[in-house]
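Report on one structure; see the data block that follows.
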Amino acid sequence: MSYEIKDFGFVFKWNVENIIVPLFQRNITLISPTFEVKILKSNTRWYMTLYPDGLQEKPNYIGCILHQIIDNDDDEDQVPLSMNFKLSLIGNDEKVICSSPITTHTFKQYKRVVKFPSLVSKGVVLKERELYLPKDSLTLHCHMWLCQEIRQCIAHSHISATRRVLVVKIEEFSAFRSKTVLIDSGSNDVLELSMKFERVSDKVDSWIKIIFCMKKTDSPVLVVCRLIVLNSEEKCSKVFNKECGHLFNKPKPNDGEAWEFPANIYMSDLRKHERDCLSNDMLSLRCEFIISKLEETSKIVEYQYCKQIE
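For the record, in the sequence shown the residue sitting at position 25 is 25 according to full-length UniProt numbering, with numbers rising by one throughout.
Put into structure tokens, the structure is as follows:
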């Protein structure tokens, strides 16, 4: 017997706020709140795990695993359960951006999981961030059916993050050698973070390298930074626009921990746009920061009962 999605089913909607933070960190697993589904005259409990860096069988693809919670003592009484599943990534206006194929899965004892190993490439998500991650949030719809009535559960996860924007102006750029800027985290956290711009040359070209230094933190901190060269109208140019992240572990106060931004600003690129980006012998850089201690909170927002899921 087959069922149409619009006639039968349960939808678990999971919104993960500040998903950009774990996308720049390796081997992080996010766990949804536990939710209940009424299936075959019995309540079943489930949760979902999200792997921003990918599952082992499909690295660098955003992957998910759906788990059914079964008490070991009761598992022998459970009959094999066949269900259909479909996982979708939702963008603005609740539009489906991409989906997994519909999967029919039969749960057996002690193996009640469904894997979605390759929903979408992490590289594609970062490249088309506004489409896949509106407001840096990831929204997943997991549709499962055979249910006696259509229901929906909405969950929300929040990853703590502070966002800061800093415009750095380097005057008398032709004679520039180095400049250090302190970064205010904008919170009560104990952080001492600085950013140093340094001019380096060889026989072929010269460039600006950027070094971050964390002098003090009371716990590991992930720093994601986007650097953009501004034009004469203080708007983002196409000369340089790069985003990278680094996890600072708790450095020793006397030593600190340094991280060199993996992309350099080359003078040859700036000279090609000298009138636009070096007017009045000044270089302007927009620095966008996301600073996070990777603290996650999750909760069920609501259960909805309805006759039809659109």
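Even glycine gets a Cβ: it sits at the ideal position worked out from N, Cα and C. This structure is a prediction, so every number in the text was calculated from the model and none was measured.
Supposed contact pair residue j and residue i - C-beta distance, whole angstroms, cut 8 angstroms
i	j	result
residue 143	residue 9	6 angstroms
residue 132	residue 89	7 angstroms
residue 63	residue 116	6 angstroms
residue 21	residue 161	5 angstroms
residue 198	residue 178	5 angstroms
residue 312	residue 206	Because the chain is modelled from 1 through 310, residue 312 falls outside the range shown and cannot be assessed.
residue 201	residue 181	With 8 angstroms as the limit, residue 201 and residue 181 do not qualify as a contact, their Cβ atoms being about 22 angstroms apart.
residue 277	residue 239	6 angstroms
Own chain, CB closer than 6 angstroms to residue i, minus 5 neighbours either side, in chain order
i	result
residue 69	45
residue 98	89, 120
residue 301	154, 156
residue 288	165, 226
residue 60	54, 122
residue 82	106
residue 43	36
residue 263	242
residue 213	194, 256, 258
residue 191	185, 217
residue 104	84
Residue i (DSSP reduced to helix, strand or coil)
i	result
residue 133	coil
residue 48	strand
residue 245	strand
residue 177	coil
residue 94	helix
residue 237	strand
residue 84	strand
residue 279	helix
residue 114	strand
residue 31	strand
residue 163	strand
residue 199	strand
residue 119	strand
residue 206	strand
residue 232	coil
residue 102	coil
residue 138	strand
residue 227	strand
residue 182	strand
residue 89	strand
Proximity test, residue i beta-carbon vs the ligand SAH heavy atom, cut-off 7 angstroms
i	result
residue 54	Only the bare structure without any ligand can be found here, which leaves the ligand SAH out of the picture.
Residue interval of the beta strand (DSSP E) (run including residue i)
i	result
residue 256	Residue 256 -> no beta strand (DSSP E), and no H or E assigned at all.
residue 62	61 to 69
residue 57	Neither: residue 57 is in no beta strand (DSSP E) and is coded neither H nor E.
Own chain partners of residue i with C-beta closer than 8 angstroms, once the 5 adjacent residues on each side are dropped
i	result
residue 241	226, 227, 228, 229
Opposing strand residues paired with residue i [DSSP bridges]
i	result
residue 191	217
residue 297	158
residue 292	222
residue 168	285
residue 43	38
For residue i, the first and last residue of its enclosing alpha helix (DSSP H)
i	result
residue 123	122 to 127
residue 327	There is simply no residue 327 to check, as the chain begins at 1 and stops at 310 in what is shown.
residue 271	267 to 272
Contacts around residue i, its chain only, beta-carbon distance under 7 angstroms, and the 5 residues preceding and following it disregarded
i	result
residue 136	18, 19, 20
residue 290	20, 21, 161, 163, 224
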